[in-house]
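The letter at position 401 of the sequence shown is residue 400 when you use numbering that gives the first Met the number 0, and the numbering goes up by one with no holes. The C-beta atom is built at its ideal place from N, Cα and C for all residues, glycine as well. In what follows, a structure is listed as structure tokens, so that the remarks can point back to it.
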Amino acid sequence: MIDFKKVISRSSYGRGSRCSKSLWLHRNRSKNTRSLPNEGKLIKLASNQLVDAAAQLFQTEPFLCARLSLEENKDWDASVAATTAAIENGETVLANPSFYGNDLMCDIHYLQKNKSGSWKAFIVKSSTKVSDNSKEKATFQLHTLKESGLKISHFYFLTINNKYKRAEKLDHHQLFKKTDILPTLNKLEAPLKATIIKLRKTLTLEQAPEIPIGEYCLSPYNCEFKSNCWKHVPKDSVFNLRRVSRETKFKWWNNGIQTINELQQSKYEAGSLLSETQGEKYVDQLGLTEFMSHIKFPVLFLDFEAYLPALPPFIGVKPFQIIPFLFAAYKCESIDQPPSFHSFIGTPKKDPRKQFALHLIEKCSNVNSILVYDPMTEKKVIRGLIREFPEYVVELEIIISKIIDLAIPIRNKQFYLPAMKGLSSMKHVLPAVDASNNYNSLSVQSGRAASQLYQILCDEHHDRNEEQELDNLIEYCKMDVYGLVQVYNAFLKALGRPIVSFN
Ligand code: SF4
Numbered sequence: 000m001i002d003f004k005k006v007i008s009r010s011s012y013g014r015g016s017r018c019s020k021s022l023w024l025h026r027n028r029s030k031n032t033r034s035l036p037n038e039g040k041l042i043k044l045a046s047n048q049l050v051d052a053a054a055q056l057f058q059t060e061p062f063l064c065a066r067l068s069l070e071e072n073k074d075w076d077a078s079v080a081a082t083t084a085a086i087e088n089g090e091t092v093l094a095n096p097s098f099y100g101n102d103l104m105c106d107i108h109y110l111q112k113n114k115s116g117s118w119k120a121f122i123v124k125s126s127t128k129v130s131d132n133s134k135e136k137a138t139f140q141l142h143t144l145k146e147s148g149l150k151i152s153h154f155y156f157l158t159i160n161n162k163y164k165r166a167e168k169l170d171h172h173q174l175f176k177k178t179d180i181l182p183t184l185n186k187l188e189a190p191l192k193a194t195i196i197k198l199r200k201t202l203t204l205e206q207a208p209e210i211p212i213g214e215y216c217l218s219p220y221n222c223e224f225k226s227n228c229w230k231h232v233p234k235d236s237v238f239n240l241r242r243v244s245r246e247t248k249f250k251w252w253n254n255g256i257q258t259i260n261e262l263q264q265s266k267y268e269a270g271s272l273l274s275e276t277q278g279e280k281y282v283d284q285l286g287l288t289e290f291m292s293h294i295k296f297p298v299l300f301l302d303f304e305a306y307l308p309a310l311p312p313f314i315g316v317k318p319f320q321i322i323p324f325l326f327a328a329y330k331c332e333s334i335d336q337p338p339s340f341h342s343f344i345g346t347p348k349k350d351p352r353k354q355f356a357l358h359l360i361e362k363c364s365n366v367n368s369i370l371v372y373d374p375m376t377e378k379k380v381i382r383g384l385i386r387e388f389p390e391y392v393v394e395l396e397i398i399i400s401k402i403i404d405l406a407i408p409i410r411n412k413q414f415y416l417p418a419m420k421g422l423s424s425m426k427h428v429l430p431a432v433d434a435s436n437n438y439n440s441l442s443v444q445s446g447r448a449a450s451q452l453y454q455i456l457c458d459e460h461h462d463r464n465e466e467q468e469l470d471n472l473i474e475y476c477k478m479d480v481y482g483l484v485q486v487y488n489a490f491l492k493a494l495g496r497p498i499v500s501f502n
């Protein structure tokens with residue numbers, strides 16, 4: 000039986016090596032904080048599809064020791080027992096085997112037995128390169144496999160070859176690039192062992208260790224205990240400043256400069272940053288009027304959602320090629336008429352691109368201006384559609400020519416609200432122009448979650464309510480495009496003009 004008070008898993012090692020307090024708090028947390036957020040689950044489920052696909056690389060069908068699952072819900076005792084039994088039964092290729100030895104535990108995507116009795120280990124990555132963070136996690140896995148009594152001859156990363164173009168059948172041997180990183184991991188093992196000794200000590204403490212706040216609270220993601228550890232950080236702290244590196248902010252903080260006020264009194268140069276953070280509402284009437292003069296009714300507010308699958312789903316598609324699957328639009332015939340809502344969403348598992356292009360052409364045909372916020376993705380998608388369907392080049396080029404970027408007045412400082420905190424991304428602009436607009440009530444709350452969810456729906460074996468999830472995706476995109484109307488309305492209000500009303 001695994002001793003869950005003492006055991007260190009791959010994820011707890013990663014957590015503890017960044018901050019031992021985080022490891023202690025996580026181990027002693029109340030049960031109701033255990034589940035992964037929805038977005039995390041979607042990302043994990045989508046990456047499981049890629050791991051399943053890598054099974055095709057082996058001549059023998061891998062023996063499935065445990066279903067790939069979200070780590071928090073995994074029955075580790077049962078998975079370790081199933082792995083031990085599979086090895087004793089002479090299975091030579093194992094999928095998702097789990098190991099426990101010397102109070103360390105891990106699983107790994109695949110193991111393949113050599114004739115000599117040693118094993119090759121495989122980790123599947125949904126990327127073309129391997130980060131240092133991935134190498135550190137792999138070193139933990141290598142060490143745990145050894146502690147569990149296995150001899151490892153090779154340790155492979157299976158990354159994605161983005162030069163590969165899919166023919167009718169997916170060629171897994173061309174899609175995956177195999178790199179043996181055992182020599183690198185062997186070098187990383189000594190420092191890893193030293194960290195494990197420290198973490199074991201942390202787990203025996205009666206109280207959480209005293210650790211000051213640092214960059215590790217924010218990177219690679221916001222620590223779940225931040226609201227507790229950062230209680231003493233004042234509301235007007237230097238961490239509110241934008242366009243300043245984290246390193247600089249922590250340097251100020253650690254030198255006793257904690258608030259923006261203290262920074263102003265200090266020897267540090269931060270004048271231009273402060274003026275943006277604390278500045279007043281600003282409208283360049285002439286500049287904004289000139290920008291607005293290019294917008295001609297009827298107008299279409301438009302937003303796309305796309306995904307970049309590692310596994311090319313259709314003939315001629317490369318890994319991570321952008322595939323649009325959803326657009327939402329509000330069409331406004333004139334300023335005094337309420338906008339009408341339109342959308343298109345693909346049918347999962349079918350190539351959505353042609354239908355997407357045709358519906359887009361239809362919705363854009365009778366408008367004079369197409370309003371998009373920072374239209375890099377939209378233009379990239381349309382250019383991809385032109386390459387794929389050259390017969391629609393004229394119509395699609397016209398769409399590109401009608402696109403007007405609503406971010407321009409904000410980027411050019413023709414329209415500024417202090418709540419934007421000096422930034423022009425939609426994430427910062429939308430709450431500043433419309434505080435009531437929030438995504439909390441939606442099941443899908445970010446573009447990333449939307450693309451992961453659509454990828455899951457494209458899996459033959461998914462267990463989601465497809466109709467409901469497609470509606471959820473449309474609702475998310477609708478909220479995005481509603482935000483575009485609010486940004487446009489903010490410009491109109493600033494110029495004292497009538498706004499677009501939904502009533
Ligand atoms: S918020 Fe920072 S200090 Fe607190 S546990 Fe997390 S990483 Fe550690």
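Taking C-alpha atoms, which residue in the options lies nearest to residue i?
i, options, result
"LYS508", "LEU63, PHE300, ILE344", "Only positions 0 to 502 of the chain appear in this structure, which leaves residue 508 out of reach."
"VAL6", "SER218, LYS200, LEU285, ASN464", "LYS200"
"GLN111", "TYR99, SER125, GLN58, GLU135", "GLN58"
"ILE294", "ILE334, SER21, CYS216", "ILE334"
"THR138", "LEU370, GLU459, LYS412, GLY13", "GLY13"
"ALA53", "PHE303, THR83, THR82, VAL92", "VAL92"
"ARG9", "SER133, SER368, PHE324", "SER133"
"LYS349", "PRO323, ALA85, SER364, SER368", "PRO323"
"GLU289", "PRO408, LEU416, PHE343", "PRO408"
"ILE455", "LYS119, VAL298, PRO312", "PRO312"
"ALA305", "GLY383, LYS250, THR247, GLY286", "GLY383"
"TYR453", "ALA193, LEU325, LEU103, SER292", "LEU325"
"ILE1", "GLU60, GLN48, LEU49, ASP76", "ASP76"
"TYR487", "GLN413, LEU370, LEU56", "LEU370"
"GLU223", "HIS231, LYS20, LEU187", "LYS20"
"MET419", "TYR281, GLN140, SER364, GLY100", "TYR281"
According to DSSP, is residue i part of a helix, a strand, or is it coil?
i, result
"TYR504", "In this structure the chain extends from 0 to 502, so residue 504 is not present and cannot be described."
"ALA120", "strand"
"ASP74", "coil"
"LEU49", "helix"
"LYS310", "The sequence shown places Leu at residue 310, rather than the Lys named in the question. Coil at LEU310, not helix or strand."
"ALA94", "strand"
"ASP404", "strand"
"LYS4", "coil"
"VAL371", "strand"
"LEU184", "helix"
"THR32", "Because the pLDDT of THR32 is 48, which lies under 50, any placement of that residue in the model is unreliable, and the question is left without a value."
"PHE501", "coil"
"LEU63", "strand"
"TYR438", "coil"
"GLY100", "strand"
"ILE321", "coil"
"TYR163", "coil"
Quick one: give me the first and last residue of the beta strand (DSSP E) that residue i is part of.
i, result
"THR158", "151 to 159"
"ASP298", "The sequence shown places Val at residue 298, rather than the Asp named in the question. 298 to 306 is the extent of the beta strand (DSSP E) around VAL298."
"LYS176", "175 to 179"
Return the first residue and the last residue of the alpha helix (DSSP H) that residue i is part of.
i, result
"GLY286", "284 to 291"
"GLY13", "9 to 17"
"LYS134", "131 to 146"
"LYS128", "Neither: LYS128 is in no alpha helix (DSSP H) and is coded neither H nor E."
"LEU429", "425 to 432"
Give a yes or no on whether the minimum CB-CB distance between residue i and chain B is below 7 Å.
i, result
"THR288", "Absence of chain B from the displayed structure is noted, only one protein chain being present."
Check your understanding: So which residues put a beta carbon under 6 Å from any heavy atom of ligand 1, going in chain order?
Key -> CYS18, LYS20, SER21, LEU24, ILE210, ILE212, TYR215, CYS216, CYS222, PHE224, LYS225, CYS228
Practice item. Could you name each continuous alpha helix (DSSP H) segment of 4 residues or more that falls completely within the stretch 324 to 356, going from the start of the chain to the end? Key: none
**Study point:** Segments of 3+ residues assigned as beta strand (DSSP E) that fall wholly inside the stretch 442 to 499
**Key:** none
Review point. Enumerated in chain order, which unbroken segments of the alpha helix (DSSP H) with a length of 4 residues or greater are wholly contained in the stretch 195 to 278?
Key: 225 to 228, 245 to 253, 259 to 264, 270 to 277
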